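**Student:** Would you mind keeping the following structure in view while I ask a few things?
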Amino acid sequence: MATLGTDAYTGIDELPPLVRDALTAARASGFPYSCRPEQGRLLHALAAGAPARIGETGTGLGVGLAWLASGAGPGVRLYSVERDPERARLAAGVFAGRPDVTVLTGDWRRIEEYGPFDLLVLDGGGQGKVPGDTPAAVERLLAPGGTVVVDDFTPATGWPPLHEGAPDLARLHWLEHPALRAAELRLAPDLSTVVGTRLLV
């Protein structure tokens, strides 16, 4: 979830209808932390390559999930988990007409019941960014060749990447993960995302 991500859509008119619906729900609820449009466009593109199953942690009001659902092909199932029951209820309403989308309520680990995934977006747990948040076990949660996305980093300007003046251990975890081939993608001057593909062997 991006700080002031909902406001980042101001003045952007050409959006998938489902994204517009999720934004309407986010604005009506005063929810500011939606997936930014730069990140959403990336999710939309990556979803198009997922053959069967997409997972997400941290539904919020469903803006990122809407980008994913709008990009996913026919027959692809999407699962997203939100820890706040009211947000989960409202987000589920956004996708009421999409039987291929399931919004779960609870801890992010509930997503484990529905894997392995061809695409897994870690936005509300499983990133390993804060104390007590254990990074998701991609060896179990990703299908071979599957893709994991970990967002909301500040673009690195050197090596190792830094956070508050010290090595960014969360980012390094994903960039150097032995089960992945990963890279950092700069999406905006102040926003980057780590994308990794699970090795086939």
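Going by this note's numbering, the sequence shown opens with residue 115, and the numbers climb by one from there. Beta carbons are placed, not taken as given, at the ideal position from N, Cα and C, and that holds for glycine. Note that the structure is predicted; figures quoted are calculated from it, not measured.
Could you give the DSSP three-state label for Leu179: helix, strand or coil?
**Tutor:** helix
**Student:** In whole angstroms, what is the alpha-carbon distance linking Leu175 and Leu256?
**Tutor:** 24 Å
**Student:** Can you name the start and end residues of the beta strand (DSSP E) that Leu118 belongs to?
**Tutor:** Premise fails: Leu118 is in no beta strand (DSSP E) and is neither H nor E.
**Student:** Could you tell me whether the Cβ atoms of Thr216 and Leu233 are closer together than 9 Å?
**Tutor:** no
**Student:** Please classify Val244 as buried or exposed, where buried requires at least 16 other C-beta atoms within 10 Å of its C-beta.
**Tutor:** exposed
**Student:** Determine the burial state of Asp121: buried for a count of at least 16 other Cβ atoms within 10 Å of its Cβ, exposed for fewer.
**Tutor:** exposed
**Student:** Please list, in chain order, all residues of the same chain as Ser194 whose beta carbon is under 6 Å from its beta carbon, the five residues on each side excluded.
**Tutor:** Excluding sequence neighbours, Ser194 sits near Glu170, Thr173, Leu179, Val217.
**Student:** Pop quiz: Gly239 and Asp221 are said to be a contact at Cβ under 8 Å. What is the actual Cβ separation, rounded to whole angstroms?
**Tutor:** 7 Å
**Student:** Taking a contact to mean a Cβ-Cβ separation below 9 Å, would you say Glu290 touches Ala296 in this structure?
**Tutor:** Their beta carbons are under 9 Å apart, which means Glu290 touches Ala296 by this criterion.
**Student:** Taking Cβ positions, are Thr307 and Phe267 nearer each other than 9 Å?
**Tutor:** Cβ distance < 9 Å, so Thr307 and Phe267 count as in contact.
**Student:** What's the C-alpha gap between Arg150 and Val177?
**Tutor:** 9 Å
**Student:** Can you give me the C-alpha to C-alpha distance between Trp273 and Val262, rounded to a whole angstrom?
**Tutor:** 22 Å
**Student:** In angstroms, rounded to a whole number, what distance separates the CA positions of Phe231 and Leu276?
**Tutor:** 30 Å
**Student:** Smallest Cα separation from Gly144: which of Phe209, Ala270, Leu204, Val309?
**Tutor:** Leu204
**Student:** So what does DSSP say about Tyr147, is it helix, strand or coil?
**Tutor:** coil
**Student:** Could you give the distance in angstroms between the alpha-carbon of Pro130 and the alpha-carbon of Trp288?
**Tutor:** Put simply, the backbone Cα of Pro130 is about 30 Å away from that of Trp288.
**Student:** Ala293 to Glu196, Cα distance in whole Å?
**Tutor:** 27 Å
**Student:** Going by other Cβ atoms of all chains shown within 10 Å of its Cβ, with 16 needed for buried, is Arg167 buried or exposed?
**Tutor:** buried
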